[in-house]
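Participant: Mind the numbering: the sequence shown is residues 18 to 148 in my numbering, read in order.
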Amino acid sequence: MGEPRALTSVAGGGEAVEVSRLWHITLSVSGAEAPLAEVRRALEQLAHDHPFLLTSRYARDHAEIRYWEEARDLHDAAAVALRLWGEHRSTARLPPWEIVGLEVIDRETYHQRIAEGYGPLPATPVGVHPF
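Structure (structure tokens):
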């Protein structure tokens with residue numbers, strides 16, 4: 018996978034500063050059925066509230082949300098992703114579903130998977146779409 022990347026850099030004063038990286042997030046949620054129009058509207062509101070949202074796919078009882086998150090490390094990216102649904106549940110009027118899956122991979126791994134022909138396809142078209 019090439020040379021390891023440094024997670025710190027030296028600031029002007031000589032102190033080490035942690036550098037953020039991009040992480041590709043796939044968050045899967047599911048629960049009781051909800052009207053498709055309400056699910057779509059809620060996911061569109063989530064995309065408006067969370068501008069880094071790339072794409073959402075949905076059905077009456079589940080959805081998949083994919084986006085890029087900037088974070089210091091995988092633990093931070095996962096923590097933010099696990100809070101996303103709950104923190105936006107009331108403002109976006111999301112269904113009361115639970116998180117049932119989470120994948121967090123770094124940018125290099127994402128692009129390597131795509132180049133090798135496996136893994137999640139690039140999020141095209143961007144937006145909110147039914148499964």
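Think of the CB as a built atom: it goes at the ideal place given N, C-alpha and C, for glycine as much as any other residue.
1) For TYR75, which residues from the same chain have a beta carbon less than 8 Å from its beta carbon, with the 5 sequence-adjacent residues on both sides left out?
2) Between which residues of its own chain and ILE116 is the CB-CB distance below 8 Å, once the five residues before and five after are set aside?
3) Take SER73 as the anchor and find which of HIS79, HIS67 and ARG83 has the nearest alpha-carbon.
4) Identify every residue that forms a DSSP beta bridge with ALA88.
5) Please classify GLU115: does DSSP put it in a helix, a strand, or coil?
6) Return the first residue and the last residue of the beta strand (DSSP E) that TYR75 is part of.
Facilitator: Reading it off the structure:
1) What you label residue 75 is simply residue 58 of the sequence shown in a count that begins at 1. Once the five neighbours on either side are set aside, the close Cβ partners of TYR75 are LEU53, VAL56, ARG57, LEU60, GLU81, VAL145, HIS146, PRO147 and PHE148.
2) Counting from one through the sequence shown, the residue named residue 116 turns up at place 99. Counting only Cβ-Cβ distances below 8 Å, and skipping sequence neighbours, we find LEU44, SER45, VAL46, LEU99 and TRP102.
3) Here residue 73 refers to the residue found at position 56 when the sequence shown is read from its first residue. Out of HIS79, HIS67 and ARG83, ARG83 has the C-alpha closest to the C-alpha of SER73.
4) Within the sequence shown, numbered from 1, the residue matching residue 88 stands at position 71. ALA88 pairs with ARG38.
5) By 1-based counting over the sequence shown, the position of residue 115 is 98. In this structure, GLU115 counts as strand in the three-state DSSP scheme.
6) What you label residue 75 is simply residue 58 of the sequence shown in a count that begins at 1. Start and end: 70-75.
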